[in-house]
Every structure is written in C-alpha cells, then in structure tokens.
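For reference, the structure is listed below as structure tokens.
The following block contains the structure:
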C-alpha cells in the first residue's frame, strides 16, 4: 500500500488528464507523462456493464501504484445513475485525492456528494475532510448556478466546464475562436474566482488539429483558467509551456515580493518598483507567479 | 464465498487478464494460460490462489487467460468475477476488508 500525502486544495493543476479506470494498460503507468493531475474515469469511458469491474480495478490501482506527486482524481458517475454511491465508497476507501462530480447542476448536488463522502470517510477510517471535490458543469443550468456550486463546500477545489455536453445543450459546435463557449467560460471563471476556487477548461478532442488546440490553450491562459482537461499525453507539454510564466513576469514578481517585504518592515504600504506603483493588492498575484515558476522549474529562489 | 454461477471479468487486451469462475467439484481447479508463462507462471498461480483464499473460495473451477497483467490487475479481475458469480458486485463491496 502506498500512503499518499494529504491532498492540497491550492496545488498546481495546469493539466488534468482523463484515463479510463477500467483499462489496466493505461492506469498502471499514468504518472510517467508528467501531467499535474490524472482523472481516473468511472463515468463515460466505462461501459454500463463494466462499472463494477472498473471499481475493483480502480481500488487496486489506488492502493498499489505509486503515483508520486501526480494528483489522483476520480470522475464518478452522475447522481441520476445507480452507481455514484458505490463509486464514492471505492474512491474514499482507496484514498483518491479528489472526486469529480459529473453533470453538477446545483449546490445541492455538491452537498449530496459531500454527505456520502463524509459517511465513507467514517466507514473506512479516513481523516474527515481529506477527500477533495470538484464539479464538472455540463449544462446551462450548471453554468448559471456556478457560484453556489463553487461555494457549496469547503472541500471544493474547483470547477471545470465540459464542452461536449454543454455544446449539445446550446445547439452549437466548436469554433476556432471559441465564440461558442466564451460566455459560459467567462461566467464560470468569475464564479470560481468569486468563491476562491480553481477553474479548468474542457478537453480539446481533435487530436489532429494541432493549430486549433494551441489557439484554445492560449485563449484559456488569457482568460485566466488555472488549467485544462486533456485526453492525450501529447497535449501536456504545450499546456505546460503556455501556462508557465515568462522570464520577465518572474523577475517582476520577484522584485515586487522582495520590495514589498522590505518596505512593509519599514512601515511602508505603497511604493514603486521600476516606476510602477505596487501595494499589497499585487502581492498574491506575484506570489502565485513565483509558485507557478517554481513548479515549472523556472524559479529557484526562496520567496515562496 | 460460494460460486453460484458462471461469471467472467476482464479482457484479452495487453496488460489485462480474462478470468472465468464456475461452480466447482469440491476443490479449487485452476486452468492458467499466460503470454508470460515462462517468466511469471509460478507467481501468477500464487496470486490467483492467494486471492481465492482471501475471498474464502474453496470450491470453484477458475480459468485465467493472462495477457501480462500486473498482480493488482489479476486480483481485481478475480474479485470481480467471484462477486459477479454471487450477484454481489454492484454495491457494498468490503473495500479494505476482504478486498485489499
């Protein structure tokens, strides 16, 4: 058995890669690709008559395989299926870091899952509150209720939009400039930031359209997403590249943080760095840049 | 557990194993074929028998077609087949108890 460290709500999640929990060939070495999180899927990737089998496979994978620093999240079946309760039991018993709630539409959905998770933590002697939650918003109703969903539980680490189902509801198709989902993405981002949780974009499914993929990742970064769901390891590197801070951003953040600490010690709240005004409002962002840079191997200082 | 009917779990894909359990004739009867029989045959057999013992199965015919599964995959497929044969695979699985 591999004991996993306590899951962190605020960790780096640039890339979250889906893996079919039923396929041993995939899940046994999923960590070697270097994505930040893997999402072992009990939902759509698993055929209806193999849901039971996928859980046995998942349990042993969670207990046996050393995923190292890669976060392990499990996507459970929807609350309108007969599977989700047993899915939650196996996730908690196996020690998954987090659970992704599919087709989440309301705060009540989050609370329903949270109660079952709490009961499972009690049943299996897992530290209460250890198992994190995230929600996938897949419908217009989910997007409209994004804020209450994000704020529904202390366990919530973030929300993700699920493009396939959402576009179906909206009767749209993927477009090159992302206009089909720009409103939904924006609403979800605002809700996530207001609630203080992370926000992730949907998968890009056309593996042959490299240009389209790159355009979408750049737009994700510009809009303020924390990361993206992926379906193939070959997509990881580019997302990490785009989400890494530039050298200029890192230097600027480093100067701001160290200047802030020096000035605060002298009793000064507002000052200038390279001619630009800086006060406490800039510091969390600068620290985040440094943490991201550190995770990307671009910063080795000790300010964060 | 008592094997009540024939049940199967797993696939013939690489890194997987297909396991079939049937009601036995008073003992455990194992039929094993593996793509890595020469290297790992003994270890696979030990894993199969240890898993059946943990599940308290002492009367069954079990057929394993192994395609290079890890021990944990093999155990998962055997457990699923046994629980399916008792119609108990869908809920209230003893995670961390009999399944470990």
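Residue numbers (the numbering used here), protein chains in the order written: chain A, 1 to 304; chain B, 305 to 404. From the three backbone atoms N, C-alpha and C, an ideal C-beta is built for every residue, glycine too.
Given residue i as reference, the closest of the options once Cα atoms are compared
i             : options                    : result
residue 176/A : 213/A, 22/A, 183/A         : 213/A
residue 379/B : 70/A, 64/A, 80/A           : 64/A
residue 234/A : 8/A, 6/A, 34/A, 11/A       : 34/A
residue 375/B : 308/B, 324/B, 319/B, 313/B : 319/B
residue 61/A  : 117/A, 44/A, 93/A          : 93/A
residue 183/A : 140/A, 197/A, 284/A        : 140/A
residue 74/A  : 80/A, 108/A, 38/A          : 38/A
residue 96/A  : 42/A, 266/A, 284/A         : 42/A
residue 293/A : 208/A, 243/A, 239/A        : 243/A
residue 118/A : 143/A, 271/A, 85/A         : 85/A
residue 36/A  : 90/A, 25/A, 11/A, 51/A     : 11/A
residue 310/B : 327/B, 317/B, 398/B        : 327/B
residue 5/A   : 71/A, 250/A, 248/A, 83/A   : 71/A
residue 17/A  : 245/A, 237/A, 248/A, 261/A : 237/A
residue 277/A : 186/A, 252/A, 180/A        : 252/A
residue 317/B : 24/A, 3/A, 20/A, 15/A      : 24/A
residue 250/A : 288/A, 19/A, 40/A, 209/A   : 288/A
Sequence-distant residues of the same chain with beta carbon closer than 7 Å to residue i, five excluded per side
i             : result
residue 195/A : 147, 150, 151
residue 199/A : 158, 159, 188, 189, 192, 225, 226
residue 48/A  : none
residue 393/B : 384, 387
residue 282/A : 256
residue 216/A : 178, 204
residue 207/A : 232
residue 9/A   : 132, 157
residue 50/A  : 22
residue 303/A : 254, 257, 258, 290
Per DSSP, cross-strand counterpart(s) of residue i
i             : result
residue 199/A : 159/A
residue 98/A  : 73/A, 132/A
residue 322/B : 369/B
residue 18/A  : 39/A
residue 403/B : 399/B
residue 258/B : Nothing can be reported for residue 258/B: it is not among the residues displayed for chain B, which extend from 305 to 404.
Residues of its chain near residue i, where Cβ-Cβ distance is below 8 Å and the 5 sequence neighbours each way are ignored
i             : result
residue 349/B : 334, 336
residue 153/A : 110, 111, 114, 133
residue 28/A  : 61, 65
residue 353/B : 332, 334
residue 101/A : 76, 79, 109, 110, 113, 133, 134, 135, 136
residue 308/B : 327, 389, 390, 391
residue 107/A : 145, 148, 149, 151, 152
residue 122/A : 128
residue 397/B : 387, 403
Cβ shell of residue i (< 6 Å), same chain only, five flanking positions each side left out
i             : result
residue 103/A : 78, 138
residue 165/A : 138
residue 67/A  : 31
residue 87/A  : 42, 76, 77
Below-8 Å beta-carbon distance, residue i vs any chain D residue
i             : result
residue 184/A : Judged by its chain identifiers, the structure shown contains no chain D, and its protein chains are A and B.
Give, in chain order, every unbroken run of the alpha helix (DSSP H) that is at least 4 residues long and sits entirely within the region 332–398 of chain B. 341–358, 375–389
May I have a chain-ordered list of the alpha helix (DSSP H) segments no shorter than 4 residues that lie completely inside the region 227–298 of chain A? 236–243, 247–265, 283–295
Those runs of the alpha helix (DSSP H) which lie wholly inside the region 119–145 of chain A and span at least 4 residues: 140–144
Are three or more beta carbon pairs between the region 45–64 of chain A and the region 255–263 of chain A nearer than 8 Å? Cβ pair count under 8 Å is below three, so no.
Answer yes if the region 359–372 of chain B comes into contact with the region 295–304 of chain A, meaning at least three C-beta pairs across the two stretches below 8 Å, and no otherwise. Of all C-beta pairs linking the region 295–304 of chain A to the region 359–372 of chain B, fewer than three are shorter than 8 Å, placing the two stretches out of contact.
Report the residue ranges of all alpha helix (DSSP H) runs contained in full by the region 22–77 of chain A; include only those spanning at least 4 residues, in chain order. The qualifying runs are 24–27, 51–64.
Under 8 Å: do the region 339–346 of chain B and the region 385–397 of chain B share three or more Cβ pairs, one atom per stretch? no
Contact between the region 363–374 of chain B and the region 311–331 of chain B (3+ Cβ pairs under 8 Å): Taking 8 Å as the limit for Cβ pairs, the verdict is that the region 311–331 of chain B does touch the region 363–374 of chain B.
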